[in-house]
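Per this note's numbering, the sequence shown starts with residue 78, numbered consecutively.
C-beta: ideal position from N, C-alpha, C; glycine also.
So the structure is just underneath, and the comments pick up after that.
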Amino acid sequence: MLLDAVTLFPEMFAALTQSGVSRRAYENGVWQLGLINPRDFTADERRTVDERPYGGGPGMVMLAAPLEAAITAARERQRQAGARGSRVIYLSPQGEPLTHRRVCELADEVQQGSGLVMLCGRYEGIDERLIERCVDEEISIGDFVLSGGEIPAMALIDAIVRQLPGVLHDAESAQQDSFCDGLLDCPHYTRPETYAGQSVPEVLLSGHHEDIRRWRLQQALGRTWQRRPELLAGRVLSKEEARLLAQFQAQQA
Ligand SMILES: NC(=O)c1ccc(NCc2ccccc2)nc1
């Protein structure tokens, strides 16, 4: 699974390869990370990667040429490593909002042997002609602006890696994540049974797996209804789900 990042700050990506689930998967060879710095593809002495915007205005814009050379190098490296095609994804506030569904689609593509090149912008963004020439897809992780595309790229990589087989111990926990079945996650509890005077919902101590499954489903439905009702609008409920949600709503009334 070849994932490359075109970035002026390659050292940031250590967060993925040096800790947690993504580190374990990386060390087990489930995924590989390539880091390409556009500064290595500049032709001038000062290794210029950005310039002032035409039309004036604040800030700087990233030059197209070093980025195109970096992307070309990344795609060539992926081709030589046997990737069947490469998708160039540009992380930007102007992108398509990222969803769990898209994460799973990209994870499937990578599993089928496609490579991913994540383009990380800095400053005010990138010369539009580079985007037109080289970017296959623009993705946003939310309606806010960060100082660079590296954190969004790492978020996307982490979300994709979690979906790859063998990464999470029991595949189940990937499925039970929020959003997997289009719902928010249920509440979770662990020891001690009483914390700060608060006890754990009885059903979770009962050992009745069917009751526990039903309680968790009802909590997920109820929370989604309370916090993100628009997610329910796009989801068909089973008879059991409809009944559990109605019961939850009645209890809230
Ligand atoms: N919401 C996001 O996914 C996101 C992505 C990148 C980013 N900052 C870099 C950048 C700024 C302006 C134009 C293009 C890239 N901030 C937020």
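*Could you spell out where the beta strand (DSSP E) holding Arg164 opens and where it closes?*
Taking the first residue of the sequence shown as position 1, residue 164 is located at position 87. First-last of the beta strand (DSSP E) with Arg164: 163–174.
_Residue interval of the alpha helix (DSSP H) (run including Leu309)_ = Locating residue 309 in the sequence shown gives position 232, counting from the first residue. In the DSSP annotation of this structure, the continuous segment of the alpha helix (DSSP H) that includes Leu309 starts and ends at 306–310.
*CB of Ile218 to nearest heavy atom of ligand 2: below 7 angstroms?*
Absence of ligand 2 is noted for the structure shown, with ligand 1 being the only ligands found.
*Tell me whether Ser283 is buried or exposed, calling it buried when 16 or more other Cβ atoms sit within 10 Å of its Cβ.*
As a position in the sequence shown, residue 283 is number 206, starting the count at 1. The residue in question, Ser283, is exposed, as its Cβ has fewer than 16 Cβ neighbours within 10 Å.
*In chain order, which continuous runs of the beta strand (DSSP E) of length 3 or greater are located wholly inside the stretch 186–220?*
With a minimum length of 3 residues, the continuous beta strand (DSSP E) runs that stay inside the stretch 186–220 are 192–197, 214–217.
*Tyr266 - DSSP class collapsed to helix/strand/coil*: Counted from its first residue, the sequence shown places residue 266 at position 189. If DSSP states are grouped into helix, strand and coil, Tyr266 belongs with coil.
*Should the stretch 185–192 be regarded as contacting the stretch 124–142, the criterion being three or more beta carbon pairs within less than 8 angstroms?*
Taking 8 angstroms as the limit for Cβ pairs, the verdict is that the stretch 124–142 does not touch the stretch 185–192.
_Using CA atoms only, rank isn't needed, just tell me which of Leu241, Phe325, Glu153, His285 is closest to Asn105._
Position 28 of the sequence shown holds residue 105. Ranking Leu241, Phe325, Glu153, His285 by Cα distance to Asn105 puts Leu241 first.
*Straight-line gap, Glu307 to Ala120 (C-alpha atoms, nearest Å)*: Numbered from 1 along the sequence shown, position 230 holds the residue referred to as residue 307. Numbered from 1 along the sequence shown, position 43 holds the residue referred to as residue 120. Glu307 and Ala120: Cα-Cα distance of roughly 50 angstroms.
_Glu182 in three-state terms, based on DSSP_ = By 1-based counting over the sequence shown, the position of residue 182 is 105. Helix.
*Leaving aside the five residues before and after Glu214 along the sequence, list all residues of the same chain whose C-beta is less than 6 angstroms from its C-beta, in chain order.*
Along the sequence shown, one-based indexing puts residue 214 at 137. Correct list, in chain order: Ile166.
*From the DSSP output, in three-state form, read off Tyr103 for me.*
As a working mapping, residue 103 is identified with position 26 in the sequence shown. Three-state result, Tyr103: helix.
*asked:* Using C-beta distances below 7 angstroms, list every residue in its chain close to Asp127, excluding the 5 sequence neighbours before and after it, in chain order.
replied: Within the sequence shown, the letter at position 50 stands for residue 127. If we look at Asp127 and ignore the five residues flanking it on each side, its Cβ neighbours are Met137, Val138, Met139, Leu140, Tyr200.
*DSSP state of Ser276, grouped into three classes?*
The sequence position of residue 276 within the sequence shown is 199, counting from 1. Of the three classes helix, strand and coil, the one that applies to Ser276 here is strand, per DSSP.
*What residue does the alpha helix (DSSP H) around Leu322 start on, and which one ends it?*
Position 245 of the sequence shown, counted from the first residue, corresponds to residue 322. DSSP places Leu322 inside the alpha helix (DSSP H), whose first and last residues are 316–329.
*Where Glu153 and Tyr103 are concerned, what is the direct C-alpha to C-alpha distance, given to the nearest angstrom?*
Counting from one through the sequence shown, the residue named residue 153 turns up at place 76. Counting from one through the sequence shown, the residue named residue 103 turns up at place 26. Glu153 and Tyr103: Cα-Cα distance of roughly 22 angstroms.
*DSSP-derived helix/strand/coil call for Leu260*: Taking the first residue of the sequence shown as 1, we reach residue 260 at position 183. DSSP, reduced to helix, strand and coil, places Leu260 outside both helices and strands of the structure shown, so it counts as coil.
*Straight-line CA distance for Ala92 to His177?*
For this step, residue 92 is matched to residue 15 along the sequence shown. For this step, residue 177 is matched to residue 100 along the sequence shown. Straight-line Cα distance between these residues: approximately 22 angstroms.
*asked:* On the DSSP letters alone, give me the boundaries of the alpha helix (DSSP H) that Leu233 sits inside.
replied: In the sequence shown, the residue the question calls residue 233 occupies position 156. For Leu233, the uninterrupted alpha helix (DSSP H) run begins and ends at 227–240, by DSSP.
*Mapping DSSP to helix, strand and coil, what is Ala82?*
As a first step, residue 82 must be located in the sequence shown, where it is residue number 5. Residue state for Ala82 is assigned as strand, using DSSP reduced to three classes.
*Under the rule that 16 or more other beta-carbon atoms within 10 Å means buried, what is Ala151, buried or exposed?*
Here residue 151 is taken as the residue at index 74 of the sequence shown, counted from 1. Answer is buried; the Cβ neighbour count reaches 16.
*Over what stretch of residues does the alpha helix (DSSP H) that includes Leu140 continue unbroken?*
By one-based count along the sequence shown, residue 140 stands at place 63. In this chain, Leu140 is not harboured by any alpha helix (DSSP H), its DSSP state being neither H nor E.
*Output the distance between the C-alpha atoms of Gln295 and Gly202, rounded to the nearest integer angstrom.*
Within the sequence shown, residue 295 is the residue found at index 218, counting from 1. Within the sequence shown, residue 202 is the residue found at index 125, counting from 1. Approximately 44 angstroms, taken between the alpha carbons.
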